[in-house]
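Going down the list, the protein sequences come from chains E and L. At position 321 of the first sequence the residue is numbered 321 (the numbering used here), and the sequence of numbers has no breaks. At position 170 of the second sequence the residue is numbered 1170 (the numbering used here), and the sequence of numbers has no breaks. Below: one structure, written as structure tokens.
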Amino acid sequence: MDGRAAGGGRRKTESGRRLSRMIADGYLDLHRRANEGAFVVWIAIVVPAEIFAGFENVAYAVPESHAALSAGKGVGTVQCQKAEERGYSADLCSYARIDIGTAFDGGKDSPTFGLPRPHLLVSNNNNCSLLVKWFDVYRREWGVPHFIVDVPFCYGPQSDRDTDYIAAQYRDLIREIERLSGQRFDIERVREAVRHSCDAMREWKRFLRAAAHRPSGITVFDSFVQMAPILTARGTPALAEHFRLLADETEGAIADGRYPVPDERYRLLWDNIAPWHQLSGMSSRLAALGVNLIAASYTYCIGSLEGSVQLFPYDGADPLRYLARIQNFSVCPQGLALRFEAMRAAIGTMGVDGVVFASNRSCKVYSIMQMDLLDRVTRECGVPAVMIDVDHADARAYSEEGAFTRIEALLESIDMKRAG
Amino acid sequence: MDSVIETIRACREKGTPVVGCFPLYPPLELLHAMGLRPVVLWELKGIVKSTPLSDRHLQPFACSVARHLVEIVLSDYGAILDGLLMYNACDTLRNLPEIIERGLGAQGRELPIIKLHIPAIPAERTEASEYLARRMDALVAECEAAFGVHFSSERFLESQRRYGEMRALLRRLEALVGEGRLLYRAFSRINRFGYLVGVEEQVKRLRTAVDDCAAVSINASATIPIVVSGILPPPPAMIDLIERCGLRVVANDVATQRRSYGYQPPEDGDPGGYYADFYRRHHPCTTLLPTADRRVDTILSLVEESGARGLVFIGEKFCEYESLEFPHIEGLLRERGVSSLRLEMAIDDYENCAAFATRIEAFAELLKGGR
């Protein structure tokens, strides 16, 4: 966790150093295992990686996570340009462009030397169907099999019928990996992995609760950065341990009176994917205005279901049904009503003063409906909100001055509301 | 176009509920069999000239199909609808039902909105066909409850015959376009009205069109045959532009056209069985995810069989499904010596086709040079 010391200077915390090691070791381990013959799977972020723990030697990579890391390290634009030079439209998701640019250039410019070539692609269509089309690019280029997990979109709580349907697809996926890799599957190992994931989510929620403190114990940028291993280390005891230490450290800092934005005057909520290319610049400039972006729909939805921000725990029953049930635990698979309910809960429990809707043409699935969400938040929650234009990974599609002009207008609205 | 709206209104006044269907491939036969009038909400360009109501709900980077759909429903024209049916055709469309519901609510209006999930996996996979069959049963029950109508297998079979005839006539008419007996512009106009007028009326129009042009002979030797591909066909002004440049559309891979009428399933009185086959063997489309593997071969065959020398891709602006596939297809066409041109446009651009003139002219020159 990158934090701001009480004196105002930035420092790297122990959890921040541990996270860096975890991420670096994770990619090194992925490449090492691939070189040593592991069966490599590329997955979309919502594909339940715990299933792969049921096999002896299946390693998985997450192109979206790699793309976010690339954008955070400042190479997102150069990778996007490589994809565009191959004919991929600049209107496409910047994660997809970064990934295609990286993959077709042999990992050049990537902070992780790219990802090892997959034996199987597994996408799903609930976070976004674009992922299916994106993985089809590799299927065609490399002749790699592509398994699609079909998840009905969630306008309300998932029905038993849908849970059964998704779980049946997981069984198909397991058979497919057995067939392709020659490895045997052990459901008990998946059960264990699901327990580890659930333990990790419990600690993650404890970490996020620090945002309810005044001043907040965290910024949204902490949660953006710290969510990375949820995508790349799911199902491992190391993830649960990391989040336990992170939550302990955060609570300890609050107890000691150390806060990332000590002179916090405005507590804002962010709606959309993180602006990976702006984490440092945006956090510094906001802090200088006394603004703390304390939470984001992108991170509070993790570990929760359908309109809730509370943990959805594992009850120890069929792990495949549980993994099917939590297909709705991120934001994009949820409809407007559920997204609003979760946002209202977050605003209420964390004492949010205003909401920044990051309208992101690069992620239409997240962004389309934000205009109605904004309207509902202002009318029904009585909280001022503003919409800014941001691309999550392509820095070319972001204007800092344009964004901050609107954020400053939001702060004025909050001041006016406070003045009565 | 006004007369079409009047026809729909008249149909409704006679007691037939009108169901506005989200694109692209809704189960039209089933709705028709239940005594409903399905109208596919592609666009009503000519009537809906701008999208002020939609603009209150959707950012400009939503595709124009989605923006126009929302505009139609929220505008006064939405009053011709008794309900809506959507299915998971794409990420943008799946977000629209609740947005529309809210927009209507703000006007004090309400419409039943039925949401259908079509499995996006191969039919061979465990539970895929069973899931679809259950959803079709549920759809029947939802329509019965919402509109007070009833399902019967006999009527369903009869509707399949009518839609089957309509699709066969459209394939025949497209062949006549390929032979040079009918201009693509006229074909597109006839096809477009089919989404608004009833299937019976459309069959009549198509029979007449086929008869009329069977005797016509157009000298096509001086033109260069091309295929067009996209979600919507090129607008009339662009077709004119294409033809003025000495090109002639001889076949299409357009979602509202061949992708919609390219395949007709065998008769089946059970909706689950019929639509399992309908979606499984459907003419490939970027939005029908399991058809991806067939799509490339289908386009290459289309180009080869039609004798086309080039392909013009009319990319719907912001449609990621379409644009993610194009670079691969473009490369394969190039390997076979077939040139391609990619244009990106939205419904809002229909009056600005002159902006594409230079590129189309250059493309035509390229093809002529390769003679």
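C-beta: ideal position from N, C-alpha, C; glycine also.
Residue from the options whose Cα sits closest to the Cα of residue i
{"i": "Arg379 of chain E", "options": "E:Ser362, E:Tyr366, E:Lys364 and E:Arg344", "result": "E:Arg344"}
{"i": "Pro229 of chain E", "options": "E:Arg117, E:Val144 and E:Leu69", "result": "E:Leu69"}
{"i": "Ala238 of chain E", "options": "E:Arg18, E:Lys364 and E:Ala34", "result": "E:Arg18"}
{"i": "Leu1036 of chain L", "options": "L:Cys1143, L:Ala1186, L:Ser1153 and L:Ser1306", "result": "L:Cys1143"}
{"i": "Asp318 of chain E", "options": "E:Gly402, E:Cys128, E:Arg189 and E:Pro275", "result": "E:Arg189"}
{"i": "Met22 of chain E", "options": "E:Met387, E:Met201 and E:Thr112", "result": "E:Thr112"}
{"i": "Leu311 of chain E", "options": "E:Pro145, E:Thr102, E:Ala193 and E:Cys198", "result": "E:Cys198"}
{"i": "Val40 of chain E", "options": "E:Ser159, E:Pro63, E:Asp25 and E:Ala24", "result": "E:Pro63"}
{"i": "Asn1095 of chain L", "options": "E:Pro118, E:Lys364 and E:Arg418", "result": "E:Lys364"}
{"i": "Gly76 of chain E", "options": "E:Val355, E:Cys93, E:Gly420 and E:Gly182", "result": "E:Cys93"}
{"i": "Asp353 of chain E", "options": "E:Ile294, E:Ser362, E:Gln370 and E:His392", "result": "E:Ile294"}
{"i": "Asp1297 of chain L", "options": "L:Gly1103, L:Pro1271 and L:Glu1330", "result": "L:Glu1330"}
{"i": "Phe104 of chain E", "options": "E:Leu130, E:Phe135 and E:Glu203", "result": "E:Phe135"}
{"i": "Ile1231 of chain L", "options": "L:Cys1245, L:Cys1021, L:Ala1255 and L:Tyr1274", "result": "L:Ala1255"}
{"i": "Ala1362 of chain L", "options": "L:Ala1186, L:Gly1310 and L:Glu1320", "result": "L:Gly1310"}
{"i": "Leu1268 of chain L", "options": "L:Gly1194, L:Ala1033, L:His1057 and L:Glu1201", "result": "According to the sequence shown, residue 1268 of chain L is Asp rather than Leu. Comparing Cα positions, the closest option is L:Ala1033."}
{"i": "Thr978 of chain L", "options": "L:Pro1265, L:Met1238 and L:Pro1271", "result": "This structure leaves residue 978 of chain L out entirely; chain L is present only between 1001 and 1371."}
{"i": "Glu1322 of chain L", "options": "L:Glu1304, L:Ala1292 and L:Val1070", "result": "L:Ala1292"}
{"i": "Ile1087 of chain L", "options": "L:Ser1129, L:Val1040 and L:Ala1062", "result": "The question names Ile, yet the displayed sequence has Tyr at residue 1087 of chain L. That would be L:Val1040, whose Cα lies nearest to the Cα of Tyr1087 of chain L."}
{"i": "His431 of chain E", "options": "E:Pro260, E:Gln334, E:Leu120 and E:Tyr366", "result": "Residue coverage of chain E in this structure runs from 1 to 420, which leaves residue 431 of chain E outside it and unanswerable."}
{"i": "Glu241 of chain E", "options": "E:Phe340, E:Leu320, E:Val261 and E:Trp204", "result": "E:Trp204"}
{"i": "Ala358 of chain E", "options": "E:Ile177, E:Asp109 and E:Ala385", "result": "E:Ala385"}
{"i": "His392 of chain E", "options": "E:Ala83, E:Gly101, E:Tyr298 and E:Arg195", "result": "E:Tyr298"}
{"i": "Arg1181 of chain L", "options": "L:Gly1164, L:Ala1215 and L:Asp1348", "result": "L:Ala1215"}
{"i": "Lys1049 of chain L", "options": "L:Arg1102, L:Tyr1279 and L:Ser1075", "result": "L:Ser1075"}
Strand pairing of residue i, partner residues [DSSP]
{"i": "Phe357 of chain E", "result": "E:Asp271 and E:Met387"}
{"i": "Val1249 of chain L", "result": "L:Ile1226"}
{"i": "Gly1262 of chain L", "result": "Gly1262 of chain L pairs with nothing; no bridge assigned."}
{"i": "Glu1344 of chain L", "result": "L:Gly1315"}
{"i": "Val1138 of chain L", "result": "In the sequence as displayed, the identity of residue 1138 of chain L is Ala instead of Val. Ala1138 of chain L is not bridged to any residue."}
{"i": "Ser1339 of chain L", "result": "L:Gly1310"}
{"i": "Lys1115 of chain L", "result": "L:Met1086"}
{"i": "Ile1231 of chain L", "result": "Looking at the DSSP assignment, Ile1231 of chain L forms no beta bridge with any residue, so it has no partner."}
{"i": "Val149 of chain E", "result": "E:Asn124"}
{"i": "Ile1008 of chain L", "result": "Partner(s): none; Ile1008 of chain L has no beta bridge."}
{"i": "Ile43 of chain E", "result": "E:Val122"}
{"i": "Ala59 of chain E", "result": "E:Val40"}
{"i": "Val1254 of chain L", "result": "L:Gly1230"}
{"i": "Tyr266 of chain E", "result": "E:Val291"}
Check: With a cut-off of 8 Å, do at least 3 Cβ pairs link the stretch 45–61 of chain E to the stretch 245–256 of chain E?
Finding: no
Check: Do three or more CB pairs link the stretch 1219–1228 of chain L to the stretch 1127–1135 of chain L at distances below 8 Å?
Finding: no
Next item on the list: Write down every uninterrupted run of the beta strand (DSSP E) in the stretch 272–338 of chain E whose length is 3 residues or greater and which is fully enclosed by it, in chain order.
Entry: 291–296
Checklist line | Contact list for the stretch 132–164 of chain E against chain L, Cβ threshold 7 Å | finding: Val132, Lys133, Trp134, Asp136, Val137, Arg140, Ile148, Asp150, Pro152, Phe153, Tyr155 and Arg161
Next item on the list: Mind checking the stretch 84–112 of chain E against chain L and listing, in chain order, the residues whose C-beta falls within less than 8 Å of any C-beta there?
Entry: Arg86, Gly87, Tyr88, Ser89, Asp91, Leu92, Cys93 and Ala96
Notebook entry, point to check: Whole beta strand (DSSP E) runs in the stretch 119–146 of chain E with 3 or more residues, listed along the chain?
Noted result: 120–124
Next item on the list: Entirely within the stretch 158–239 of chain E and at least 4 residues each: give me those alpha helix (DSSP H) ranges in chain order.
Entry: 160–181, 187–209, 220–226 and 228–232
Note to self: With a threshold of 8 Å, are at least 3 pairs of Cβ atoms found where one atom belongs to the stretch 1164–1184 of chain L and the other to the stretch 1138–1155 of chain L?
What the structure shows: no
Next item on the list: Note down, in chain order, all residues in the stretch 332–357 of chain E with a beta-carbon under 7 Å from any beta-carbon belonging to chain L.
Entry: Gly335, Leu336 and Ala337
Next item on the list: Tell me the start and end of each unbroken alpha helix (DSSP H) in the stretch 1019–1071 of chain L that is at least 4 residues and wholly inside, in chain order.
Entry: 1028–1033
Margin query: If contact is defined by three or more beta carbon pairs under 8 Å, each pair taking one atom from either stretch, is the stretch 317–326 of chain E in contact with the stretch 167–185 of chain E?
Written below: yes
Next item on the list: Output, in sequence order along the chain, the residues in the stretch 1116–1130 of chain L whose CB is closer than 7 Å to any CB in chain E.
Entry: His1117, Pro1119, Ala1120, Ile1121, Arg1125, Thr1126 and Glu1127
Checklist line | Residues of the stretch 1211–1236 of chain L with Cβ closer than 9 Å to any Cβ of chain E, in chain order | finding: none
Next item on the list: Report yes or no: do the stretch 1225–1232 of chain L and the stretch 1243–1258 of chain L share at least 3 C-beta pairs separated by less than 8 Å?
Entry: yes
Check: In the stretch 1083–1107 of chain L, which residues sit with their C-beta less than 7 Å from some C-beta in chain E, listed in chain order?
Finding: Asn1088, Cys1090, Asp1091, Thr1092, Arg1094, Asn1095, Glu1098, Ile1099 and Arg1102
Check: Is the stretch 1115–1131 of chain L touching the stretch 1047–1059 of chain L, taking contact as three or more C-beta pairs under 8 Å?
Finding: no
Next item on the list: Could you tell me whether the stretch 362–376 of chain E touches the stretch 270–277 of chain E, using the rule of 3 or more Cβ pairs below 8 Å?
Entry: yes
Next item on the list: Residues of the stretch 1274–1300 of chain L with a CB closer than 9 Å to any CB of chain E: list them in chain order, please.
Entry: Thr1286, Thr1287, Leu1289, Pro1290, Ala1292, Asp1293 and Val1296
Checklist line | Contact set between the stretch 1179–1195 of chain L and chain E, restricted to residues whose Cβ is under 8 Å from the partner | finding: none
Check: Counting pairs of Cβ atoms below 8 Å between the stretch 1333–1348 of chain L and the stretch 1273–1289 of chain L, do you hit three or more?
Finding: no
Margin query: Closer than 8 Å is the cut-off here; do at least three beta carbon pairs connect the stretch 176–186 of chain E with the stretch 216–227 of chain E?
Written below: no
Item checked: Three-pair Cβ contact test at 8 Å for the stretch 123–130 of chain E versus the stretch 80–87 of chain E -> no
Next item on the list: Check whether the stretch 298–307 of chain E touches the stretch 277–288 of chain E, counting contact only when three or more Cβ pairs, one atom from each stretch, lie closer than 8 Å.
Entry: no
Next item on the list: Taking only beta carbons into account, state which residues of the stretch 1056–1082 of chain L come closer than 9 Å to chain E, listed in chain order.
Entry: Arg1056, His1057, Leu1058, Gln1059, Pro1060, Phe1061, Ala1062, Cys1063 and Ala1066
Margin query: Counting beta carbon pairs with one atom in the stretch 1185–1205 of chain L and one in the stretch 1152–1166 of chain L, are three or more of them shorter than 8 Å?
Written below: yes
Margin query: Any C-beta of chain L within less than 7 Å: which residues of the stretch 358–377 of chain E qualify?
Written below: Ser359, Arg361, Lys364, Val365, Ser367, Ile368, Met369, Met371 and Asp372
Next item on the list: Pair every Cβ in the stretch 408–419 of chain E with every Cβ in the stretch 1055–1070 of chain L, then say whether three or more of these pairs are closer than 8 Å.
Entry: no
Note to self: Using a Cβ-Cβ cutoff of 8 Å, what residues of the stretch 36–49 of chain E are near chain L? List them in chain order.
What the structure shows: none
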